[in-house]
Amino acid sequence: DTEVTQTPKHLVMGMTNKKSLKCEQHMGHRAMYWYKQKAKKPPELMFVYSYEKLSINESVPSRFSPECPNSSLLNLHLHALQPEDSALYLCASSQDRDTSSYNEQFFGPGTRLTVL
Amino acid sequence: RKEVEQDPGPFNVPEGATVAFNCTYSNSASQSFFWYRQDCRKEPKLLMSVYSSGNEDGRFTAQLNRASQYISLLIRDSKLSDSATYLCVVTPNTNAGKSTFGDGTTLTVKP
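Sequences listed follow chains A and B, in order.
The numbering of the first sequence is the working numbering, which starts it at 259 and goes up by one.
The numbering of the second sequence is the working numbering, which starts it at 372 and goes up by one.
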């Protein structure tokens, strides 16, 4: 199973709403990532979790709050977002082991978020 | 200068053509190199990891030149289904960390 799943596929929310994005993988990967991607731009890293601990936060505004309940799950909690936060939010995972030769990242299909 | 720079493209080629993409990176400590393809409104999918010795997978060949700090992707006998954006990705070490993406090169293969 080389699949990363994400829910929901689409999300429309108002600026006062609270919502959560969910990501799951069952590949035994110990690193999980959140990316934001705008149209015609490459993915932009937001957060990295390594062995369920937050290891990288790319100065993301606090209205985005990540959570890693266990090694298979990754959530992104959203609150008081702005219209410019509308984007495709991608989750990825990788093995994250010193013995892993190349640490490829596998991406989920993404959640397309629209903030009104 | 960007950390990872790709050919700006777009590339428009006929079916059956051979096309090559180049990507340069500035961090000499970079360890892992990948090519991903991304179809419109879809997620990036790993196409190839790029090994020091170069590697080939069917019609696709990837090369790494550490001395000149560039990687390349060669696609032979282009198919319509190869039309996509190709992303060069560079990672500083083999552990989870910040991968740097190039801006992508768009390929359109025409009948």
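All residues carry an ideal CB built from backbone N, CA and C; glycine is no exception.
Which of the three DSSP states, helix, strand or coil, is assigned to M271 of chain A? strand
Assign S439 of chain B to buried or exposed, taking buried as 16 or more other Cβ atoms, counted over all protein chains shown, within 10 Å of its Cβ. The residue in question, S439 of chain B, is exposed, as its Cβ has fewer than 16 Cβ neighbours within 10 Å.
Hey, S443 of chain B and L478 of chain B are a contact pair by Cβ (cut 8 angstroms); roughly how many whole angstroms apart? Distance from S443 of chain B to L478 of chain B at the Cβ level is roughly 14 angstroms; contact not present, criterion being Cβ atoms closer than 8 angstroms.
For the 8 angstroms Cβ check, are there 3 or more pairs between the stretch 379–392 of chain B and the stretch 443–452 of chain B? yes
Ignoring anything shorter than 3 residues or poking outside the stretch 411–462 of chain B, list the beta strand (DSSP E) runs there in chain order. 415–420, 426–428, 431–436, 441–446, 455–462
So does the stretch 363–370 of chain A actually touch the stretch 260–280 of chain A, counting three or more Cβ pairs closer than 8 angstroms? They touch, by the three-pair rule.
8 angstroms is my cut-off, CB to CB: does E325 of chain A come that close to chain B? no
Taking DSSP's pairing of strands, which residues face Q370 of chain A in a bridge? Correcting the residue identity first, residue 370 of chain A is Arg in this sequence and not Gln. According to DSSP, which records beta bridges pairwise, R370 of chain A is partnered with A:H268, A:L346.
Measuring straight from C-alpha to C-alpha, what distance separates G473 of chain B and V461 of chain B? 8 angstroms
Determine the DSSP secondary structure at P341 of chain A, reduced to helix, strand or coil. helix
Residue of A:S308, A:E316, A:L339, A:M285 minimising C-alpha distance to C326 of chain A: A:S308
Output, in chain order, the set of chain A residues within a Cβ distance shorter than 9 angstroms of L417 of chain B. E362, Q363, F364, F365
When you compare the CB of T395 of chain B with every CB in chain A, is at least one pair closer than 8 angstroms? no
Below-8 angstroms beta-carbon distance, L348 of chain A vs any chain B residue: yes
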